[in-house]
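Colleague: FYI, in the numbering used here the residues of the sequence shown are 586 to 815.
Beta carbons: idealized from backbone N, C-alpha and C, even for Gly.
Remember, it's a predicted structure, so these values are computed and weren't measured experimentally.
Can you keep this structure in mind? I'll have questions shortly.
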Amino acid sequence: MIDQIVAAPLVTAEAFTDHDSAFIPESERAAVARAVPTRQREFFTVRHLARRAMVQLGVPGAARVPILKGDRGAPVWPGGVIGSLTHCSGYRGAVVGYTSEVRSAGIDAEPHSELPSGVLPSVSLAEERNWLASAVREYGPGLHLDKLLFCAKETTYKAWFPITKRWLGFEDAHITFGVSDAQTGCASGDFTATILIDGAAISGTPVTQLHGKWLISEGLVLASIVVPRE
Ligand SMILES: CC(C)(COP(=O)(O)OP(=O)(O)OC[C@H]1O[C@@H](n2cnc3c(N)ncnc32)[C@H](O)[C@@H]1OP(=O)(O)O)[C@@H](O)C(=O)NCCC(=O)NCCS
Numbered sequence: 586m587i588d589q590i591v592a593a594p595l596v597t598a599e600a601f602t603d604h605d606s607a608f609i610p611e612s613e614r615a616a617v618a619r620a621v622p623t624r625q626r627e628f629f630t631v632r633h634l635a636r637r638a639m640v641q642l643g644v645p646g647a648a649r650v651p652i653l654k655g656d657r658g659a660p661v662w663p664g665g666v667i668g669s670l671t672h673c674s675g676y677r678g679a680v681v682g683y684t685s686e687v688r689s690a691g692i693d694a695e696p697h698s699e700l701p702s703g704v705l706p707s708v709s710l711a712e713e714r715n716w717l718a719s720a721v722r723e724y725g726p727g728l729h730l731d732k733l734l735f736c737a738k739e740t741t742y743k744a745w746f747p748i749t750k751r752w753l754g755f756e757d758a759h760i761t762f763g764v765s766d767a768q769t770g771c772a773s774g775d776f777t778a779t780i781l782i783d784g785a786a787i788s789g790t791p792v793t794q795l796h797g798k799w800l801i802s803e804g805l806v807l808a809s810i811v812v813p814r815e
């Protein structure tokens with residue numbers, strides 16, 4: 586599925602169940618030693634996928650490289666590599682690329698179901714809620730576009746963070762969507778995240794807008810942002 590919204594020069598890998606037998610670096614085992622088993626399994630599976638993708642990309646030593654957590658929980662990639670990880674019930678995904686080609690990347694997956702009641706006001710702007718109201722009239726209740734908005738926002742944060750190393754709140758970006766195909770439970774399109782705060786980067790041009798793609802299929806919502814190297 587992820588291949589439908591992330592293309593070369595990034596390499597993708599995904600799974601719909603956990604892999605028990607994969608190689609797990611000791612430092613990764615230690616990082617989640619106190620976590621519940623489901624958290625350990627998603628942590629190991631998504632890193633197995635990321636290593637597989639890095640091997641395919643041609644990163645030397647990638648098959649055994651640990652992927653630990655760094656600043657504010659962001660994954661720490663080997664030198665010269667950038668990527669993003671996501672996991673939710675029934676899905677694990679990883680994308681990786683070279684920093685010489687890609688400035689940043691973000692992916693997010695969520696189950697395709699309504700946002701829990703009461704969450705929408707705290708993760709959306711009034712303009713986004715207006716769009717949702719008109720989109721529900723246009724596309725019907727079979728598409729959970731509130732969850733798509735949430736997914737696009739988390740994707741925005743994951744792509745934003747490696748460039749700025751700063752927090753971005755749900756009120757700090759305005760997401761607008763393009764819908765290219767929509768049926769009950771299945772749709773795709775693109776989106777733009779307009780950043781509403783100072784987008785100063787740790788190096789290079791400030792972040793003002795990020796462009797992404799999205800997909801609703803197989804009971805999942807997926808979103809991606811790839812920021813090309815300037
Ligand atoms: C970090 C966050 C985006 C993760 O999303 P999620 O749907 O909860 O979880 P996912 O499974 O999709 O992603 C988890 C992965 O995100 C990655 N991640 C965590 N923090 C990150 C950061 N600061 N930057 C980039 N990636 C990050 C990690 O790889 C993590 O996997 P791991 O814990 O196994 O290492 C979310 O928890 C969060 O803090 N959101 C608030 C910020 C936000 O979304 N703002 C909206 C801006 S418009």
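Might you give, ordered along the chain, the residues of its own chain that have their beta carbon closer than 6 Å to the beta carbon of SER809, omitting 5 neighbours on each side?
Modeller: Excluding sequence neighbours, SER809 sits near ILE590, VAL591, ILE692, GLY797 and LYS798.
Colleague: Measuring CB to CB, does ALA635 end up less than 9 Å from GLY675?
Modeller: No. Outside cutoff.
Colleague: Give the C-beta separation of ILE821 and ASP757 to the nearest angstrom, bearing in mind that I take them to be a contact with Cβ-Cβ under 8 Å.
Modeller: Since the first residue shown for the chain is 586 and the last is 815, residue 821 is missing from the structure and cannot be characterised.
Colleague: DSSP three-state call for GLY658: helix, strand or coil?
Modeller: Here GLY658 sits in helix by DSSP.
Colleague: Quick check: GLY770 and SER802, are their CB atoms within less than 9 Å of each other?
Modeller: Contact: yes.
Colleague: Does the Cβ-Cβ distance between PHE762 and LEU728 come in under 9 Å?
Modeller: Contact: no.
Colleague: Enumerate, from N- to C-terminal direction, the unbroken beta strand (DSSP E) stretches of 3 or more residues contained entirely within the segment 725 to 774.
Modeller: Listed in chain order, they are 758 to 768.
Colleague: Going by alpha carbons, who is nearest to PHE629 out of ALA772, THR602 and ARG688?
Modeller: Here the closest residue by C-alpha is THR602.
Colleague: Taking all protein chains shown into account, do 16 or more other C-beta atoms lie within 10 angstroms of the C-beta of TRP752, making it buried, or fewer, making it exposed?
Modeller: Exposed is the call here.
Colleague: Between PRO726 and the rest of its own chain, which residues show a CB-CB distance below 6 Å, the 5 nearest in sequence each way excluded?
Modeller: Cβ within range, chain order: n/a, list empty.
Colleague: Would you say the beta carbon of TYR742 is closer than 8 Å to some non-hydrogen atom of ligand 1?
Modeller: Yes, the beta carbon of TYR742 sits closer than 8 Å to at least one heavy atom of ligand 1.
Colleague: Taking C-alpha atoms, which residue in THR597, HIS633 and ALA600 lies nearest to GLU613?
Modeller: Cα-wise, what sits closest to GLU613 is HIS633.
Colleague: Tell me the residue span of the alpha helix (DSSP H) that contains HIS633.
Modeller: Run containing HIS633: 622 to 642, per the alpha helix (DSSP H) assignment.
Colleague: Along the alpha helix (DSSP H) that carries PRO706, what are the first and last residues, could you check?
Modeller: Unbroken alpha helix (DSSP H) run through PRO706: 705 to 708.
Colleague: Can you tell me whether VAL721 is helix, strand or coil according to DSSP?
Modeller: Correct three-state label for VAL721: helix.
Colleague: Under 9 Å, do TYR724 and VAL666 count as touching if we go by C-beta distance?
Modeller: Not in contact: TYR724 and VAL666 (Cβ atoms no closer than 9 Å).
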